[in-house]
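Heads up, the thing below is written out as structure tokens.
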Amino acid sequence: MVVQVYGKPQAVCPQRVMHCLVELGLPFELVHVDIDAMEHKLPEFLEKQPFGQVPYITDGDFELFAGDQWIDPPHRSARVYCRLHAESRAIVRYLAGKYGGRGGGAPELLGRTVEERAKVEQWMDVEAINYNPWAFPVVFNLLVLPLRGAPGDREAAAAAVEEMKRVLEVYEKQLSKSKYLAGDEFTLADLTHIPATRYVVEFCGAARIFEGKERVKAWWEDITGRPAWKKVISFVESGKSSYSP
């Protein structure tokens, strides 16, 4: 049995899960859930995920989902409530914990020791609580709403970009101490940032978040240049429903 990922392939959270699977060298099947058509709220989906959220995975007989919540960004200047999706982070923790470090060179995406894992968890929390709440309004206002034919709040997006720049100043200092956020090896701490930041930089025209931050820029080029991430992008663009290493 291969892992099944339920979600929309273009969405940030399913991409986070698919990237983890590809890094671990695992095959998977994508079960497309049309969010725009509200398929995640249909009775048959609610039987699997009672909160009607994606992503959701099955790994043989094991099923995994988690909740999410609306959070108010730490500064009200963005004037938008952001949704903190916990599903994808819980899922990648599970996958990395179960399949990381296997034979064949699967990476230890959660670290090798208790101390290393604590650092990974720390920076995953930073991404979820301090970083993502600002990436979300940028993508939502400059990409998602316009695609739906609705006007986005460009002022809120601009304010969120400024907050992202502020947060990345902390990252710049951290990356003076290690190659990656949680140490000198690529981990989930880095991986969780990629999908949303890609939309911010490449689709929302906000590459200025990296201005004056040479270490952050080098880190970004490094992690998005990984073969596994390139395979995820190719898979999403292909429209395929199954992936094999």
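Take 1 as the starting number for the sequence shown in the UniProt record's numbering and just add one per residue. All residues carry an ideal CB built from backbone N, CA and C; glycine is no exception. All of these numbers come straight from a predicted model, not from anything done at the bench.
query	result
Residue-level contact to chain B via CB, ALA158, 8 Å cutoff	Considering every chain present, this structure includes no chain B. It has just one protein chain.
Where PHE65 sits in the DSSP three-state scheme	coil
4 or more residues per run - each alpha helix (DSSP H) lying fully within the UniProt domain "GST C-terminal" (113-245)	114-126, 132-139, 154-174, 188-191, 194-198, 214-224 and 227-238
Where the alpha helix (DSSP H) through GLU87 begins and ends	87-99
Neighbourhood of ASP153 by C-beta distance below 6 Å, restricted to the same chain and skipping five residues each side	ASN141
C-beta contact flag for PRO195 and VAL12 at 8 Å	yes
Rounded straight-line distance, which links the Cα of ALA158 to that of GLY60	44 Å
Exposed unless 16 or more other CB atoms sit within 10 angstroms - verdict on ARG76	Only weak support exists for where ARG76 lies, its pLDDT of 41 falling under 50; the coordinates are left without a value.
GLU172 to GLN15 span [Cα, whole Å]	25 Å
Opening and closing residue of the alpha helix (DSSP H) in which PHE28 lies	Note, PHE28: premise wrong, no alpha helix (DSSP H); beta strand (DSSP E) at 28-32.
Per DSSP, the bridge partner or partners of ILE57	VAL5 and LEU64
Simplified DSSP assignment, three categories, for HIS75	In this prediction, HIS75 scores a pLDDT of 43, lower than 50, which makes its location untrustworthy; no coordinate-derived value is stated.
Short Cβ contact (8 Å threshold) for ILE91 with PRO50	no
VAL170 versus VAL161 - alpha carbon distance	15 Å
When LEU168, LEU191, GLY105 and PHE235 are compared against residue 324, the one with the closest alpha-carbon	No answer is possible for residue 324: the residues shown for the chain start at 1 and end at 245.
Contacts around PHE186, its chain only, beta-carbon distance under 6 Å, and the 5 residues preceding and following it disregarded	TYR180
Residue from SER178, GLY25, LYS177 and LEU175 whose Cα sits closest to the Cα of TYR99	GLY25
Span of the alpha helix (DSSP H) around ARG16	12-23
Endpoints, alpha helix (DSSP H) assigned at LEU46	43-46
Sequence-distant residues of the same chain with beta carbon closer than 8 Å to GLY97, five excluded per side	LEU110
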